[in-house]
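For the sequence shown, position 23 matches number 219 in our numbering, and the numbering has no gaps at all.
Yeah, the Cβ is synthetic: ideal placement off N, Cα and C, and Gly gets one too.
This structure is a prediction, so every number in the text was calculated from the model and none was measured.
Single-structure report; data block below.
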Amino acid sequence: MDLRQYYRQIREIEAQIKDEFPVIVSEATEDGGRAHVLTEVSRAVAARLIAEGKARLAGEGETAAFRKPKKQ
Numbered sequence: 197m198d199l200r201q202y203y204r205q206i207r208e209i210e211a212q213i214k215d216e217f218p219v220i221v222s223e224a225t226e227d228g229g230r231a232h233v234l235t236e237v238s239r240a241v242a243a244r245l246i247a248e249g250k251a252r253l254a255g256e257g258e259t260a261a262f263r264k265p266k267k268q
């Protein structure tokens with residue numbers, strides 16, 4: 197793995213993310229990662245997880261549903 201390319205990719209992805217704390221959706225991974233789990237993370241963490249193929253950015257509808265206050 198070329199570390200320069202890896203970190204360049206992370207910086208490029210991070211520059212494209214508009215929100216300071218974006219919502220991401222996890223992807224299934226071979227090491228047991230569960231798919232379709234929504235999480236709000238920092239821009240840097242989101243970029244790293246996207247670059248590693250462990251997550252993707254949530255769409256506008258997914259983000260709105262995640263951030264909508266829950267009724268108690």
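Self-check item: Cβ-based neighbour list, HIS232, same chain, cut-off 8 Å, excluding 5 preceding and 5 following
Solution: What you label residue 232 is simply residue 36 of the sequence shown in a count that begins at 1. Only VAL221, SER222 meet the Cβ criterion.
Quiz prompt | Limits of the unbroken beta strand (DSSP E) element including ALA251 | solution = As a first step, residue 251 must be located in the sequence shown, where it is residue number 55. It spans 251-253 - the beta strand (DSSP E) in which ALA251 sits, taken as one unbroken run.
Quiz item: Just the Cα atoms here: how many angstroms apart are ALA243 and GLU226?
Solution: As a working note, residue 243 is residue 47 in the sequence shown. As a working note, residue 226 is residue 30 in the sequence shown. Looking at the two C-alpha atoms, the distance is approximately 20 Å.
Exercise. List the whole-angstrom C-beta distance separating ILE206 from LEU253, where the pair is believed to meet the contact cut-off of C-beta under 8 Å.
Key: If you number the sequence shown from 1, residue 206 lands on position 10. If you number the sequence shown from 1, residue 253 lands on position 57. With a Cβ gap of about 14 Å, ILE206 and LEU253 do not count as contacting.
Exercise. Would you list, in sequence order, the uninterrupted beta strand (DSSP E) runs of no fewer than 3 residues that lie entirely inside the segment 219-256?
Key: 219-222, 234-236, 251-253
Exercise. Between the Cα of GLU256 and those of ILE246, ALA240, LEU234, spot the shortest distance and give me the residue it belongs to.
Key: The residue labelled residue 256 in the question sits at position 60 within the sequence shown. Nearest C-alpha to GLU256: LEU234.
Exercise. Could you spell out where the alpha helix (DSSP H) holding ILE209 opens and where it closes?
Key: The sequence position of residue 209 within the sequence shown is 13, counting from 1. Counting along the chain, the alpha helix (DSSP H) containing ILE209 begins and ends at 199-212.
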